[in-house]
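What follows is a short report on a single structure.
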Amino acid sequence: MRQAPSPRVVSGVTAGYDPLVASEDPIVPSLRLPSGARIRHGREVRRTFDHGRPSGSGPVVVYAFDRDDGAPPRLALVVGRRWGGAVTRNRIRRLLRESFRTARAELPTGFDLVLLPRDPFEKRRMQDVREDLVAAAHRAARRFRREGPGTPRPGRRRRR
RNA sequence: GGAGCGGAACGGACGGCCGCGGCUCCCUUGCGGAUGCCGAGGAAAGUCCGGGCUCCACAGGAUAGGACGGUGGGUAACGCCCACCGGGCGCAAGCCCAGGGAAAGUGCAACAGAGAGCAGACCGCCGAUCGGCGGCAACCUUCGGGAAGCCGCAGGAGGUAAGGGUGAAAGGGUGGGGUAAGAGCCCACCGCGCCGGCGGUGACGUCGGUGGCACGGUAAACCCCGUCCGGAGAAAGCCCACAUAGGGGGGGACGAGGAUCUUCGGGUCCUCGGCGAGGCGGUCCGUCUCGCCAUGACUCCCGGGUAGGGCGUUCGAGGCGGUCGGCAACGGCCGUCCCAGAGAAAUGGUCGUCCAGGCGCCGCAAGGUGCCUGACAGGAUCCGGCUUACGGGCCGCUCCGGCA
RNA sequence: GCCCCUAUCGUCUAGCCCGGUCCAGGACGCGGCCCUCUCAAGGCCGAGACGGGGGUUCAAAUCCCCCUAGGGGUA
0 MRQAPSPRVV SGVTAGYDPL VASEDPIVPS LRLPSGARIR HGREVRRTFD HGRPSGSGPV
60 VVYAFDRDDG APPRLALVVG RRWGGAVTRN RIRRLLRESF RTARAELPTG FDLVLLPRDP
120 FEKRRMQDVR EDLVAAAHRA ARRFRREGPG TPRPGRRRRR
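Per numbering that gives the first Met the number 0, residue 0 is the first one in the first sequence, and the count goes up by one each step.
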């Protein structure tokens with residue numbers, strides 16, 4: 000069984016997605032806005048990649064980096080060309096982003112999160128993606144808090 | 001009903017809830033919240049052509065290089081579109097064609113074949129006031145024989161391009177005459193070339209005359225002719241902010257005249273000239289800018305730093321409707337509309353009803369019900385095209401079959 | 001986004017500019033046989049490719065067009 004901050008959210012998640020219930024909950028403030036909640040600079044994405052800690056669950060991989068400011072979590076999406084044309088890549092991106100939006104209150108605060116799809120992504124429904132995202136994010140955040148910032152992977156060569 | 005051809009569109013519909021990107025307006029110290037409006041495609045794609053735009057001083061000349069190629073139009077322009085001409089394919093509706101020049105030049109054609117570009121004799125056919133052999137033989141005879149000529153056989157200088165055979169291609173086709181056999185050698189028709197008349201803006205068509213066959217293929221081979229093209233590309237480019245401090249390496253040169261100041265060493269300025277670098281991102285000319293004429297500096301290459309914001313950035317060869325001109329592509333005029341502008345990058349998630357198709361179950365049937373499926377595909381500077389990917393239906397036409 | 005380049009046996013490559021001699025050559029690897037007591041080495045033999053589709057041409061790996069798949073450059 001997975002640990003969750005609120006039993007009502009747990010029931011909401013397990014009994015089926017119901018946005019109305021979630022929005023009226025005082026513990027979960029808002030389902031809106033991932034606009035300032037996006038990582039806007041390539042530098043910060045790079046930082047999360049190089050010094051964050053990864054963890055995967057199902058078709059989702061999350062890199063977590065603690066900004067240590069207690070603010071709501073922020074998001075970046077990386078979907079490479081290997082996943083197909085622009086339409087299918089957008090489809091994956093939107094699914095991940097929607098999962099992030101609806102699950103934002105359940106995600107660890109103060110973290111920058113970079114989301115990547117992993118291999119069995121074909122034909123995944125949003126509910127499953129959302130559950131995997133929450134699980135992976137918490138595992139990555141725990142690992143970051145335990146082990147601290149990591150070092151860049153040596154195998155990957157970057158330009159500039 | 002079947003097979004096929006052409007064309008114009010469309011790209012599931014409606015709603016609830018939670019969201020996203022712009023602009024607007026209101027609240028807010030601010031993060032942000034709230035109102036209203038707008039928010040992907042026919043291909044947004046491939047980046048294959050043509051332009052706008054920006055920078056390279058101007059975009060000049062020559063050359064290299066590249067693209068295009070029936071004719072006439074359309075267009076900002078095109079390699080696109082329309083109409084027509086010619087050729088090819090199809091019973092037809094229709095479709096396809098890089099469709100100038102091979103009597104300017106150069107080159108190429110493997111293998112096969114006798115011969116492949118001012119061609120050629122392998123088989124075959126023919127064959128001399130050519131001889132040989134055999135047979136017959138007018139006639140002559142000294143009765144031994146001789147002999148023109150005829151027939152046959154093998155040979156034969158040579159003739160021949162009809163036939164066989166080779167090839168992708170063998171130097172007009174069919175028929176007749178002609179000949180030793182043949183051959184445009186001659187004739188008729190067809191084709192081809194040339195000349196002229198007529199029609200057409202023209203490509204070309206058509207009619208008549210004439211030549212006597214001579215010009216084979218390939219130019220998506222080099223090439224010739226005609227037309228067009230300067231280069232780079234929005235990560236173009238412009239501005240602000242921030243930042244580095246001048247780190248390493250390379251390059252080059254001869255002045256003359258005048259004015260003026262002078263402490264007579266020289267300094268400053270101007271003109272001409274010379275030199276260098278850079279721009280015109282193939283080259284040369286031409287030209288411009290800067291610098292130098294013994295020195296700071298100029299310039300090139302490498303290295304280092306910064307990489308945040310704004311403009312470009314969306315009103316445009318624009319869409320829709322009408323009308324007029326035109327066979328049409330398209331254009332003129334009038335009216336009307338504002339129609340995505342992001343920047344690690346917006347159209348999504350979920351639920352329901354309906355629509356279309358498929359499968360299963362119930363039912364005699366009408367129908368009911370459950371499940372599944374609903375293509376190709378997402379703006380990134382913008383337009384005009386082309387090409388490629390793709391769903392079901394509609395309209396018109398052709399051919400075949402059946403019924404009336 | 002914009003601008004370029006490449007594609008030939010399992011792998012690395014030659015041939016392409018200037019079409020035929022190509023049934024596409026070589027090396028490594030692979031399979032079989034010989035040699036050896038056995039393995040390696042060596043020798044002999046063999047299988048194996050022009051990314052796909054159309055066009056030009058008598059003839060295309062080669063020339064032209066369109067797709068597909070890889071790779072590179074660029075503030």
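Just so you know, even glycine gets a beta-carbon here, dropped at the ideal spot from N, CA and C. These numbers were taken from a predicted model, which means no experiment stands behind them.
Taking only runs that begin and end inside the segment 31-116, name each unbroken alpha helix (DSSP H) of 4 or more residues, in chain order. 41-50 and 85-102, all fully within the segment 31-116.
Closest Cα partner of R66 within the set G84, R46 and A104: R46
Determine the contact status of L132 and A102, defining contact as a CB-CB distance below 8 Å. Result yes, Cβ atoms of L132 and A102 sit closer than 8 Å.
Reduced DSSP category for D118 - H, G, I as helix; E, B as strand; rest coil: coil
Which class does R145 belong to by DSSP, given the choice of helix, strand or coil? helix
Measure the C-alpha to C-alpha separation of T87 and F120 and round it to an integer number of angstroms. Cα to Cα, the separation comes out at about 11 Å.
Would you kindly work out how many angstroms separate the C-alpha atoms of P58 and D118, rounded to a whole number? Their backbone Cα atoms lie some 6 Å apart in a straight line.
Among P116, F110, F99 and R73, which residue has its Cα nearest to the Cα of R80? P116
Which value, in whole angstroms, describes the spacing of the CA atoms of P72 and V44? Straight-line Cα distance between these residues: approximately 13 Å.
Answer yes or no: do L76 and L95 have a C-beta to C-beta separation smaller than 8 Å? Going by C-beta atoms, L76 is nearer than 8 Å to L95.
For my contact list, G51 and F143 are in at a C-beta cut-off of 8 Å; report their separation, rounded to the angstrom. Right, their Cβ atoms sit about 7 Å apart.
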